[in-house]
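Going letter by letter, the sequence shown gives residues -28 to -1, 1 to 261 in mature numbering (1 follows the signal peptide of the UniProt record, and there is no 0).
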Amino acid sequence: MRLKRSLGLLPAATVLLAGLVSAPAAQATAQSPYEKGPNPTESLVNSARGPFSTSQTNVSSLSATGFGGGVIYYPTTTSEGTFGAIAIAPGFTASWSTLDWLGPRLASHGFVVFGIETNTRLDQPGQRGDQLLAALDYLTQRSTVRSRVDASRLAVAGHSMGGGGTLEAAADRTSLKAAIPIAPWNLDKSWPEVRTPTLIISGSADTIASTGSHSMPFYNSLSNAPDKALMELRGASHFFPQFSNTLMAKMMISWLKRFVDDDTRYEQFLCPPPGGLDISQYRNTCPHS
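Okay, structure coming up:
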């Protein structure tokens, strides 16, 4: 399946020149129609909860088609229009509960978040990629919160084999606005089919899906992704996403804001590259405004 001149003309020329000079300034202050929330600060993107109150609803496996159900988290406000959405898959043998801290945290920054269960806990990356896309289709077409979702602004993420599935989903559906593989694992190391801005987050102490054998080859192969980044967390094992992680959440929020909401206010957290002792390496192309 994987398969962007006389004195009389001077007044008019002056007006035209003034228009040309002022146009870039007007363009520079233009806001994205999807921009939501206050101007971001370091404190805001690092906080456990963003500016939006949230709620959640369970999706039974009996009502799901092509995936195993899950939990949807969403902003409760009805005065802000629709929101972009992201589906997130757990890793091999894991359930959504291993990542569920992410649900309300991302939703509180203005996203509908669908933490999914897989059909079986042994599903491989290709199967998890299909399930992520099936979950997005359910979210936008059949879920009880579908009226809150902008179906044209969707993203995927996942841990381990769910991270490998994230690459599979992005390769299969190039209309996705963002992809975030976390400690991703996949036997396929080459992803030129992906045309989605992709942020890979890995751990330097990961012995299951090491940066050198998985995340780095994935990053290097994203030759057609319009934007990409790879952040390696110093000393982090393969299971770092299963515990609340402020830096991981900050970067996910900033990536989603920038590419799902087209909100350039969040570029400051992506480029220049973030630094600090918690990051052992960071590679990126810098977002293209």
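Where a beta carbon is used, it is the ideal one built from N, C-alpha and C, also for glycine.
- 9 Å or more divides the Cβ of T48 from the Cβ of D122.
- Within the region 109 to 183, the complete alpha helix (DSSP H) segments at least 4 residues long are 133 to 144, listed from N- to C-terminus.
- Closest option to N196, judged by alpha-carbon separation, among V166, S216, S162: V166.
- In the displayed model, E14 falls within a helix according to three-state DSSP.
- Exposed is the label assigned to T50, since fewer than 16 other Cβ atoms lie within 10 Å of its Cβ.
- Setting aside the 5 residues that flank it on each side, P10 is surrounded in the same chain by L16, P23, each with a C-beta closer than 8 Å to its C-beta; the list follows chain order.
- Judged by DSSP secondary structure, Y191 falls within the alpha helix (DSSP H) whose first and last residues are 188 to 193.
- Excluding its 5 nearest sequence neighbours in each direction, I180 has C-beta neighbours in its own chain below 8 Å: S132, A155, W157, H210, listed in chain order.
- For T116, the closest C-alpha among the options G137, P164, A127, N30 is that of N30.
- Ranked by Cα distance from L159, the first of G248, S119, Y46, Q96 is Q96.
- Per DSSP, K229 lies in no beta strand (DSSP E) segment; the continuous alpha helix (DSSP H) that holds it begins and ends at 218 to 231.
- Taking the C-beta atoms as reference points, P213 is found nearer than 9 Å to I173.
- According to the DSSP assignment, P47 belongs to the beta strand (DSSP E) that extends over 42 to 47.
- Here DSSP, grouped into helix, strand and coil, assigns L74 to helix.
- Under a 10 Å Cβ-count criterion, T170 is classified as buried, with 16 or more other Cβ atoms of the shown protein chains found around its own Cβ.
- Ranked by how close their Cα comes to the Cα of F241, the residues F231, D233, R255, K222 have K222 in first place.
- CA-CA distance, S19 to T218, rounds to 8 Å.
- Remark: three or more beta-carbon pairs, one from each stretch, lie closer than 8 Å, so the region 78 to 95 and the region 40 to 47 are flagged as touching.
- Taken atom to atom, the span from the alpha-carbon of G40 to that of S182 is near 28 Å.
- The residue among S193, A141, A150, I152 with its C-alpha nearest the C-alpha of W163 is S193.
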